[in-house]
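Peer 1: Mind having a look at this structure? Questions to follow.
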């Protein structure tokens, strides 16, 4: 096989990101040479949409709720998985999925990299949390299936993630290599059912996780044939897409060989990563070419069979055909009225303790964790919105008593962390009327002051918290 033919095959399994708001010349050129598609990130939103015609797979890492690329500056107004799991109404979940599809299509994306199919069983989980529908396999499975069906009915291609389940981890794979805390039986009984439900619902693409399941070997699932065989054993015949290969869990372990390891293990579509991430090269075309060169060299050296590459490219081509079909049925249904969505967000929230009406101003102590690659804190926007003209204090700079009649609100997103619990305790000593707004998962241990748990770090969730604080609640 000629080098050009090999390169075209490789192009058919690569899914790179790019810089800027317009389609770069190199993307247009490689598209003509068989490139499978591209993945959109926040830096790509706002320009002319990428043309998805012909089944070019334009993906977007858009979940609604806590994770958004389209509304990264202000936060999402779409219900997130944690909120939808709390509401537990599959019709509402399908409506939220349809809204994701509608918004994604407006940005040019025909592939929505969602839903999160992880069962969040570790409250310390730094990267999943409210991105999950919850901690019950049955609950998560129901809503994963509803989301897949909702996305497909609205003309998008769904990509459930992160197989074999990222919910029982305490390490963020963007920064290190997580190990699942589940036994092999727990992995199958607790963490695989949502993926089985996704397959039953018609998912044609499933994304991997860069985590180790010790019983299946020392390599992360993306590069572990045994792990990916488990997905095939569930009856999945579609495309296995890797999570971003620029994440530390893969990059630090395999370096430039990460794409080859993923393909050899059984991945079919390789998400190269986000060239705008901290620590990246900042060279989008260079990242793409490096991935392609590594695979081409592995084929030339006999380290990667051409047959494996052909198999992967054939599977991706089938999904591209499905994407073309989806474009012909894409609907443009009107979104739910804003008031209805806000009412649903308030329904998803849970309160504890008792809180007098607090219309503001408020002194907000922002104790949230630093943003991750997956989740942006949107700076101080959420804290400022809750303050209603009051002061915003970074918990790292100390805790001050509320002044001028303002009540104290402590904004948290990982209430299981000792630092955030400490910020709550310090604030409560200074102001007995302190209230917590929790954007993260519900705490295992009760919070010692009144709290509203809104189950998403999003603009919509903060609006729900603000209204709830303004009205107050009884125990």
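In the working numbering, the protein residues as written are 7 to 481.
We put the CB at the ideal spot given by N, CA and C, even for glycine.
Given this structure, state the Cα-to-Cα distance separating residue 271 from residue 120, to the nearest angstrom.
Peer 2: Whole-angstrom Cα-Cα distance: 23 Å.
Peer 1: What are the complete beta strand (DSSP E) segments, minimum 3 residues, inside the region 82–106?
Peer 2: Segments of the beta strand (DSSP E) lying fully in the region 82–106: there are none.
Peer 1: Among 447, 416, 423, which has the Cα closest to the Cα of residue 432?
Peer 2: The shortest Cα separation from residue 432 among 447, 416, 423 belongs to 416.
Peer 1: On the CB-based measure, 16 or more other CB atoms within 10 Å of its CB, does residue 309 come out buried or exposed?
Peer 2: Residue 309 is exposed by the Cβ-count criterion.
Peer 1: By the three-class DSSP mapping on this structure, what secondary structure does residue 66 have?
Peer 2: Strand, per DSSP.
Peer 1: So, do the region 144–158 and the region 79–97 have three or more beta carbon pairs nearer to each other than 8 Å?
Peer 2: Yes: at least three Cβ pairs fall under 8 Å.
Peer 1: What residues in its chain sit with their C-beta under 7 Å from that of residue 434, if we drop five residues either side in the sequence?
Peer 2: Cβ within range, chain order: 440, 454, 455.
Peer 1: Distance check for residue 254 and residue 44, CA to CA, integer angstroms please.
Peer 2: Distance between the alpha carbons of residue 44 and residue 254 is about 21 Å.
Peer 1: Out of curiosity, what's the CA-to-CA distance linking residue 368 and residue 349?
Peer 2: Straight-line Cα distance between these residues: approximately 23 Å.
Peer 1: Does the contact criterion of 3 or more C-beta pairs under 8 Å hold for the region 14–27 versus the region 297–305?
Peer 2: Verdict: yes, contact present.
Peer 1: Count the other CB atoms, across all protein chains shown, that sit within 10 Å of the CB of residue 167; report buried if there are 16 or more and exposed otherwise.
Peer 2: Classification for residue 167: buried.
Peer 1: What does DSSP give as the partner residues of residue 21 in its beta bridges?
Peer 2: 277, per the DSSP bridge assignment.
Peer 1: Nearest to residue 365 by CA position, among 323, 262, 479, 24, is which residue?
Peer 2: Residue 479 is the option with its Cα nearest to residue 365.
Peer 1: Roughly how many angstroms separate the alpha carbons of residue 164 and residue 411, rounded to a whole number?
Peer 2: Residue 164 and residue 411: Cα-Cα distance of roughly 49 Å.
Peer 1: Does residue 358 come out as helix, strand or coil in the three-state DSSP assignment?
Peer 2: Note: residue 358 maps to strand in three-state DSSP.
Peer 1: Can the beta-carbon of residue 12 be found closer than 8 Å to that of residue 305?
Peer 2: Yes, these two residues count as a Cβ contact at 8 Å.
Peer 1: With DSSP run on the structure shown, which of helix, strand or coil describes residue 183?
Peer 2: DSSP places residue 183 in coil when its eight states are reduced to three.
Peer 1: Should residue 169 and residue 210 be called a contact, given that it needs their Cβ atoms to be closer than 8 Å?
Peer 2: Not closer than 8 Å, so no.
Peer 1: Would you mind stating whether residue 402 and residue 370 have Cβ atoms separated by less than 8 Å?
Peer 2: Contact: no.
Peer 1: Starting from residue 158, follow the alpha helix (DSSP H) in both directions and report where the run begins and ends.
Peer 2: Per DSSP, residue 158 belongs to the alpha helix (DSSP H) from 143–159.
Peer 1: Put residue 256 into one of helix, strand or coil per three-state DSSP.
Peer 2: In the structure shown, residue 256 sits in a helix (DSSP, three-state: H, G or I).
Peer 1: Go ahead and label residue 196 buried or exposed: buried means 16 or more other beta carbons lie within 10 angstroms of its beta carbon, across all protein chains shown.
Peer 2: When all chains shown are included, residue 196 counts as buried.
Peer 1: If residue 157 and residue 198 are in contact, beta carbons under 8 Å, what's the gap, nearest whole angstrom?
Peer 2: Not a contact, Cβ separation roughly 21 Å.
Peer 1: Would you mind reading off the limits of the alpha helix (DSSP H) that contains residue 296?
Peer 2: Segment 290–306, the alpha helix (DSSP H) holding residue 296.
Peer 1: With DSSP as the reference, label residue 413 as helix, strand or coil.
Peer 2: Looking at residue 413 - three-state DSSP - the assignment turns out to be strand.
Peer 1: So what does residue 479 bridge to, in DSSP terms?
Peer 2: Residue 479 pairs with 361.
Peer 1: Beta strand (DSSP E) containing residue 46: first to last residue?
Peer 2: 43–46 is the span of the beta strand (DSSP E), which, as asked, contains residue 46.
Peer 1: Which stretch, first to last residue, makes up the beta strand (DSSP E) that contains residue 77?
Peer 2: Run containing residue 77: none; DSSP gives neither H nor E here.
Peer 1: In whole angstroms, what separates the C-alpha of residue 280 from that of residue 99?
Peer 2: Their Cα atoms are separated by approximately 28 Å.
Peer 1: Could you check the C-alpha separation between residue 5 and residue 137 for me, to the nearest Å?
Peer 2: The structure shown does not extend to residue 5, since the chain spans only 7 to 481, so no value can be given for it.
Peer 1: Following the continuous beta strand (DSSP E) through residue 246, name the residue where it begins and the one where it ends.
Peer 2: That run of the beta strand (DSSP E) goes 245–247.
Peer 1: Under 8 Å Cβ to Cβ from residue 430, same chain only, skipping five residues before and after it: list those, please.
Peer 2: Taken in chain order, the residues that qualify are 373, 416, 418, 421, 440, 442, 453, 454, 455.
Peer 1: When you compare only the Cα positions, how much space is there between residue 424 and residue 9?
Peer 2: Residue 424 and residue 9: Cα-Cα distance of roughly 56 Å.
Peer 1: Going by Cα to Cα distance, which pick from 233, 388, 330 is closest to residue 221?
Peer 2: Among 233, 388, 330, the Cα nearest to that of residue 221 is on 233.
Peer 1: In angstroms with no decimal places, state the Cα-to-Cα distance between residue 251 and residue 475.
Peer 2: Cα to Cα, residue 251 sits roughly 42 Å from residue 475.
Peer 1: Could you please give me the residues that DSSP links to residue 108 through a beta bridge?
Peer 2: Bridge partners of residue 108: none, in fact.
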